[in-house]
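Heads up, the thing below is written out as C-alpha cells.
There are 2 protein chains.
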Amino acid sequence: MKEGPVIASVAALLGDPARANILTALMDGRALTVSELAEAAGVTLQTASGHLAKLDAANLLTAEKQGRHRYFRLSGPDVAQVLEALMGLAQRTGATRVRTGPRDAALRSARICYDHLAGERGVALLKAARQQGLIDGDRDLALTTKGRAFFADFGIDLAALEKGRRPVCRACLDWSERHSHLGGALGAALLSRMIDRGWMRRDTGRVLTFTCEGVEGFEAAFAPPGEGASQAA
Amino acid sequence: MKEGPVIASVAALLGDPARANILTALMDGRALTVSELAEAAGVTLQTASGHLAKLDAANLLTAEKQGRHRYFRLSGPDVAQVLEALMGLAQRTGATRVRTGPRDAALRSARICYDHLAGERGVALLKAARQQGLIDGDRDLALTTKGRAFFADFGIDLAALEKGRRPVCRACLDWSERHSHLGGALGAALLSRMIDRGWMRRDTGRVLTFTCEGVEGFEAAFAPPGEGASQAA
DNA sequence: CTGATGCTTCGGCTATGATCGAAGTATGAA
DNA sequence: TTCATACTTCGATCATAGCCGAAGCATCAG
C-alpha cells in the first residue's frame, strides 16, 4: 500500500504516449533539443516543454543548457533499462503490433541500448563471452582473468573503468531477444571501441549498421568455440 | 515514434495507484482474490474488479476461477521484474507485505475445502504425495502405479472413484497457503477415510482438528519432505 | 537598437478515466 | 428451495491532465 503510489508516479510518467515517444527517442543515449523531441513525440513545442519539465522534475532526464538550446538526455542507464524491459513486456503480452517493417528488422539485429550494443549481436556477444570464459556469473556478471586479458588486448582500459562508480559488467535484458546483453561501463566501452574500429556506424535513431569488416571482426572475436559457421540469413 | 505508444499502453496500466498497489501485492508470486486485492489497493470491490479486468486483458495477470473466488497472479516473472526495476528507479524505501488469508490460525492449519483437506496440512499432503511418487503431474494430476497401491492400501476404492464423473485427482488452489492441495474424488475420499480413522474431527464451521493419533498417522504416511533430511530431489 | 529563434508560462477547452452506488450473475451453504 | 457470498456490469459523477493558442523571457545576429 506504500509501494504502489511510488512506482505509479514513475510509471504514470512513462504512460503518456508523448512522453514515451520522447523517452524512446532518447534511448540511444544522445541529447536532443526541445524542438527535436517535440517533433519526435508528434506534439507542439509548448506541449513537449511541459512534458520535459515533468520528466526533469522526476529526474528521469537531465537538462543541459547551451545558448538558446536546451539539451535533454536520459539521466542514467537504469532509465533505458526500464524502457527496454517495458518493451519486452509489451511484446510478450501482445501489446505490440504485428506490423514489422525493415527498420524493425534492423533494430532487432543491432541497436544501441543507451550506450551499449543490443539486439541479436548484443546477445551473441555476451553469449560468446560467457562461452569463451571471458565473463562469469549468471545474474551478476564478473570479468575472469582470461576476460581481463582479452578486453585489455581489445583496447579497453579496464583500470579506468573500474575507477568509475558505474558497474563494469551488467546484464541488461534485451527486449527483442529473450536473453541478456552486456551493459555497464564495459559494454559502453566495447561499443565505443567497435565503432572506432569501423565495425559499425550509427544511423539515425538507434539502429547500428555493421560494415563488412565489422561482421568479420565481430564473428572472429566473439565466435562460439568450435563453431565456425556464421549465422547468415 | 512507433514504440512509444507500445510502452505507454503498458506503463499507463502501471501508472494508476490502485493498479500499482494490486501489482505490488502480487509480486511475491502468490495468487490473491478480488476482495483481497481490493483491500490491498484501498478501493472498493467493483473498482478493483474493473482494474483487474484491464490488467487481465493486457495479459499482465492471469485469472483462475475457483468456485466463488477468482484468483489473480502475475502472468510471468517479467512482470515482477519490470515492477522491481520501476521501484529501483523510484528509489524504493522498503518492501510491503499484504496480509492475506484467514486470521484464524486453526483455519490456516487444517480445514475443509468443499469436501477435501485444505490448509497447511492439505498442502503438505499433496507435496508429500508428489515427493513420494504417488501422484504425478504439475497442473493436471495423475495417479502413479505406486500411488494406486498406496491409496488402495489406505482403504480407498479407486475403481469406484474412477466410475464417477468427477475427476479423481484435481489440484485445488489453497487460499491460505497459495499452493495447491489435493481435491477431486480422491481428495474427498481421503478426507472421509482420515475422519473415519479418527485422525481428525470436524468442529463447527470448516475447521478440522487433528487428534494426537491423527498427527502421528498423518506425518507417518505423508512425511514432510523438510523434516530432518535435506530437500534435495 | 530591431528582429528572429528557442523555449517557457498562462489560460481555457476537452477528453479520458477513476471512482462508487446500485443492480445483476454465479456459486456455495443451509 | 432460500439465503449469503463473491464478483461483474451499468450508470453517473467528478477530477486529472493533455493539448494548443497566445503572450512572455532569453539568447543571438545584424
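Quick note, the sequences are listed as chains A and B, same order. Each position in the first sequence, counted from 1, maps to that position plus 52 in our numbering. Each position in the second sequence, counted from 1, maps to that position plus 52 in our numbering. Heads up, the beta-carbon is just placed ideally off N, CA and C, and yes, glycines get one too.
Buried or exposed: residue i, going by 16 or more other Cβ atoms within 10 Å of its Cβ?
| i | result |
| --- | --- |
| R163/B | buried |
| S232/A | buried |
| V131/A | buried |
| V58/B | buried |
| T96/A | exposed |
| C221/A | buried |
| D226/A | buried |
| A63/A | buried |
| A147/B | Low per-residue confidence applies at A147/B: pLDDT is 23, beneath 50, and the placement is therefore not dependable enough to give any value. |
| Q98/A | exposed |
| V86/A | buried |
| R38/B | Given that chain B is displayed from residue 53 to residue 285, the structure contains no residue 38/B and the question cannot be resolved. |
| E214/B | exposed |
| G236/B | buried |
| Q118/A | exposed |
| R200/B | exposed |
| E91/B | buried |
| G216/A | exposed |
Of all the CB atoms in chain A, is at least one closer than 8 Å to the CB of residue i?
| i | result |
| --- | --- |
| T76/B | yes |
| V259/B | no |
| G102/B | no |
| P57/B | yes |
| G153/B | Bear in mind that a pLDDT of 37 at G153/B, under 50, signals an unreliable position, so the number given afterwards is only what the model happens to contain. It does not; no Cβ of chain A falls within 8 Å. |
What residue from the options has the CA that sits closest to residue i's CA?
| i | options | result |
| --- | --- | --- |
| Y123/A | V131/A, D130/A, T114/A and P129/A | T114/A |
| I247/A | L260/A, G235/A and D156/A | L260/A |
| M252/A | F262/A, L213/A and H103/A | F262/A |
| D108/A | R160/A, G171/A and L65/A | L65/A |
| D156/A | D167/A, Y166/A, Q143/A and H168/A | Q143/A |
| Q183/B | L169/B, A170/B, G171/B and K198/B | K198/B |
| G171/B | F206/B, R120/B and R160/B | R160/B |
| K179/B | H103/B, A273/B, E116/B and S127/B | A273/B |
| R254/A | G102/A, H168/A and K117/A | H168/A |
| A70/B | N73/A, A72/A and A60/A | A60/A |
| M79/A | G257/A, A275/A, E268/A and V267/A | G257/A |
| C165/A | G128/A, A201/A, A181/A and A194/A | G128/A |
| R249/B | N111/B, A137/B, L141/B and E265/B | E265/B |
| L135/A | R245/A, E116/A, I74/A and E214/A | I74/A |
| L234/B | D209/B, E271/B, A212/B and L186/B | L186/B |
| G102/B | R173/B, A223/B, R120/B and D68/B | D68/B |
| L126/A | L104/A, A137/A and R120/A | L104/A |
| L210/B | A223/B, D188/B, A241/B and G189/B | A241/B |
| E268/B | D205/B, F202/B, L195/B and R173/B | R173/B |
| A137/A | R245/A, A275/A, A223/A and L243/A | A223/A |
Give me the chain B residues within the contact set of residue i, using Cβ-Cβ distance strictly less than 7 Å, ordered along the chain.
| i | result |
| --- | --- |
| V62/A | L138, L141 and A142 |
| A275/A | Within chain B, no residue comes near A275/A; the closest Cβ sits about 30 Å away, beyond 7 Å. |
Interface residues of chain A around residue i at Cβ under 9 Å?
| i | result |
| --- | --- |
| A162/B | Those within 9 Å of A162/B in chain A number zero; the least Cβ separation is about 30 Å. |
For residue i, which residues in chain A fall below 7 Å Cβ to Cβ?
| i | result |
| --- | --- |
| D68/B | A60 |
At a Cβ threshold of 8 Å, is residue i touching chain B?
| i | result |
| --- | --- |
| L113/A | no |
| V150/A | Unreliable positioning characterises V150/A in this predicted model, as indicated by a pLDDT of 48, which lies under 50. The coordinate reading is nonetheless provided below. No - not a single Cβ of chain B is within 8 Å of the one on V150/A. |
| L135/A | yes |
| A223/A | no |
| D130/A | yes |
| A72/A | yes |
Against residue i, what residues of chain B qualify as contacts under a CB-to-CB distance less than 8 Å, listed in chain order?
| i | result |
| --- | --- |
| T145/A | V62, A110, N111, L112 and S127 |
Quiz prompt | 4 or more residues per run - each alpha helix (DSSP H) lying fully within the region 238-278 of chain B | solution = Segments of the alpha helix (DSSP H) lying fully in the region 238-278 of chain B: 264-273.
Quiz item: In the region 59-130 of chain A, which residue ranges form an unbroken alpha helix (DSSP H) of at least 4 residues, counting only runs that do not cross its ends?
Solution: Those alpha helix (DSSP H) runs which fall completely within the region 59-130 of chain A and span 4+ residues are 69-77, 86-93 and 97-109.
Exercise. Counting only runs of 3+ residues fully inside the region 164-203 of chain B, write out the beta strand (DSSP E) ranges in chain order.
Key: Runs of the beta strand (DSSP E) spanning 3 or more residues and lying entirely within the region 164-203 of chain B occur at 168-170, in chain order.
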